[in-house]
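Asker: First the structure, which I've put down as structure tokens, then a few questions once you've had a look.
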Amino acid sequence: MSTALMRAVGFTAFGGPEVVSVAEVPVPEPGPGQVLVRVAAAPLHFFDRAARSGALRSMLAEGPRYVLGWDMCGTVHTVGPGVVAFAPGDPVVGMVDWLTTRTGTQAEYAVLDASALAPAPAGTTPAAASTLPLNALTATQALDLLRLDAGRTLAVTGAGGAVGGYVVELAKDRGLRVVALSASRDEAFLTGLGAVFVPRSDDPAEALLAAAPEGVDGLVDGASLGDRVLPAVRDGGGFVAVRPPATPEPQRGIRTMPVITRGDGAQLRSLVDLVDKGRLTLRVARTFAYEEAHLAHEQLDRGGQRGRLVLLP
Numbered sequence: 023m024s025t026a027l028m029r030a031v032g033f034t035a036f037g038g039p040e041v042v043s044v045a046e047v048p049v050p051e052p053g054p055g056q057v058l059v060r061v062a063a064a065p066l067h068f069f070d071r072a073a074r075s076g077a078l079r080s081m082l083a084e085g086p087r088y089v090l091g092w093d094m095c096g097t098v099h100t101v102g103p104g105v106v107a108f109a110p111g112d113p114v115v116g117m118v119d120w121l122t123t124r125t126g127t128q129a130e131y132a133v134l135d136a137s138a139l140a141p142a143p144a145g146t147t148p149a150a151a152s153t154l155p156l157n158a159l160t161a162t163q164a165l166d167l168l169r170l171d172a173g174r175t176l177a178v179t180g181a182g183g184a185v186g187g188y189v190v191e192l193a194k195d196r197g198l199r200v201v202a203l204s205a206s207r208d209e210a211f212l213t214g215l216g217a218v219f220v221p222r223s224d225d226p227a228e229a230l231l232a233a234a235p236e237g238v239d240g241l242v243d244g245a246s247l248g249d250r251v252l253p254a255v256r257d258g259g260g261f262v263a264v265r266p267p268a269t270p271e272p273q274r275g276i277r278t279m280p281v282i283t284r285g286d287g288a289q290l291r292s293l294v295d296l297v298d299k300g301r302l303t304l305r306v307a308r309t310f311a312y313e314e315a316h317l318a319h320e321q322l323d324r325g326g327q328r329g330r331l332v333l334l335p
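Quick note on my numbering: the sequence shown kicks off at 23 and runs consecutively.
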């Protein structure tokens, strides 16, 4: 009996956007506790670029074909043994831990743990819904690490970016005062979310302290500024790095920690509920067909986009 095949976006050799291509690979089978999803949309992330470029070569080897992608929106196709929370036809969003599976979501079908899935937001496109799981889970788990009470002050660098925007909205939803450091073009967006806007500066710590003279209680570093913004955090505060290598050494009693995002279906359901209630904003910069994946990577390399670049089968 012939093996069913699907189209998938990936690479076999490290390099620039030109190494990304579409190939036919076997359709995966869900195991116990897993779900096979027919993917409708899957966004690109920094880690896709890092894997493709060879920045993760200490963890990956050239030769095998890697299918890219961390999260997606799609429809349940089949369920594995023991799955009762989802059934074929259910629209879902979810994420995989790509560094563990090495097989991602930028394919016509993807296997995900049922525990990492949630019903898709209502009234939005698959492309928009696909931008929620990884970035919003990163944002909420970063805030959980800081454990700030309502009324405290949070700083967010890279606040106009995909993760930063979610941090701002989720922090405001928790009753925090938010000071948002970002490019000038993001001012209207961020003030519209209720944040105090601070434009980028050669001295970002000084700029944040001008808005919060006593120092901020916590900081989520979406722009990977590291030690350059640590002086803006008060003694005994908290600092969370979105990209682990940018985690500074602790000082002045400040807790410094990276956020290592994990799939969590219960948290994702809560985030979907916020989307459905209009309290969390989904942003798509542009969509691409699979055959245009190399063009999407070219734009990803250029940076500066607001919202996610999304691949559609």
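We put the CB at the ideal spot given by N, CA and C, even for glycine.
In the DSSP assignment, find the beta strand (DSSP E) that holds Tyr131 and state where it starts and stops.
Answerer: Your numbering for residue 131 matches position 109 in the sequence shown. Per DSSP, Tyr131 belongs to the beta strand (DSSP E) from Tyr131 to Asp135.
Asker: Let me make sure I understand the geometry here. Which of Pro266, Val190, Gly260 and Gly244 has the alpha-carbon closest to that of Pro272?
Answerer: Here residue 272 is taken as the residue at index 250 of the sequence shown, counted from 1. Taking only the C-alpha atoms, the option nearest Pro272 is Gly260.
Asker: Pull the bridge partners of Arg277 from the DSSP assignment, please.
Answerer: Position 255 of the sequence shown, counted from the first residue, corresponds to residue 277. DSSP, once it has assigned bridges, lists Gly260 as partnering Arg277.
Asker: Between which two residues does the alpha helix (DSSP H) harbouring Gln327 extend?
Answerer: As a position in the sequence shown, residue 327 is number 305, starting the count at 1. Counting along the chain, Gln327 falls outside any alpha helix (DSSP H), and DSSP gives it neither H nor E.
Asker: From the DSSP output, in three-state form, read off Val347 for me.
Answerer: Outside the modelled stretch of the chain, which goes from 23 to 335, sits residue 347, for which no answer is possible.
Asker: Is it a yes or a no for the stretch 93-108 touching the stretch 123-141, going by three-plus beta-carbon pairs under 8 Å?
Answerer: In short, these stretches touch, since the Cβ pair count reaches three.
Asker: Pairs of beta-carbons, one from the stretch 174-183 and one from the stretch 231-246, closer than 8 Å: are there three or more?
Answerer: The stretch 174-183 is in contact with the stretch 231-246.
Asker: For Ala234, I'd like the list of residues in its chain whose CB is within less than 6 Å of its CB, leaving aside the five on either flank, ordered along the chain.
Answerer: Within the sequence shown, residue 234 is the residue found at index 212, counting from 1. Taken in chain order, the residues that qualify are Thr175 and Val201.
Asker: Going along the chain, which residues of its own chain have a beta-carbon closer than 6 Å to the beta-carbon of Arg199, five neighbours each way excluded?
Answerer: Reading the sequence shown from its first residue, position 177 is the one you call residue 199. Thr175, listed in sequence order.
Asker: Is the stretch 109-121 close to the stretch 43-52, with three or more CB pairs under 8 Å?
Answerer: With a cut-off of 8 Å, the stretch 43-52 and the stretch 109-121 do not count as touching, because too few Cβ pairs lie within range.
Asker: So, helix, strand or coil for Thr153, using DSSP?
Answerer: The residue you call residue 153 lines up with position 131 of the sequence shown. In this structure, Thr153 counts as coil in the three-state DSSP scheme.
Asker: Taking C-alpha atoms, which residue in Pro65, His316 and Leu334 lies nearest to Leu156?
Answerer: If you number the sequence shown from 1, residue 156 lands on position 134. Answer by Cα proximity: Pro65.
Asker: Should Val264 and Val190 be called a contact, given that it needs their Cβ atoms to be closer than 8 Å?
Answerer: Looking up residue 264 in the sequence shown gives position 242. Looking up residue 190 in the sequence shown gives position 168. Cβ atoms of Val264 and Val190: not closer than 8 Å.
Asker: What residues in its chain sit with their C-beta under 7 Å from that of Glu313, if we drop five residues either side in the sequence?
Answerer: Sequence index remark: in the sequence shown, residue 313 carries index 291 (1-based). Answer for Glu313: Val44, listed in chain order.
Asker: Could you tell me which of Pro103, Arg330, Thr127 and Gly111 sits nearest to Tyr88, measuring between CA atoms?
Answerer: Numbered from its first residue, the sequence shown carries residue 88 at position 66. Answer by Cα proximity: Thr127.
Asker: Is the stretch 92-100 in contact with the stretch 139-153, if contact means three or more CB pairs nearer than 8 Å?
Answerer: Yes, since at least three Cβ pairs between the stretch 92-100 and the stretch 139-153 fall closer than 8 Å, the two stretches touch.
Asker: Classify Pro65 as helix, strand or coil using the three-state DSSP reduction.
Answerer: Here the question's residue 65 lines up with position 43 in the sequence shown. It is a strand residue.
Asker: What does the Cβ neighbour count give for Ser152, buried or exposed, with the cut at 16 atoms within 10 Å?
Answerer: As a position in the sequence shown, residue 152 is number 130, starting the count at 1. Buried is the call here.
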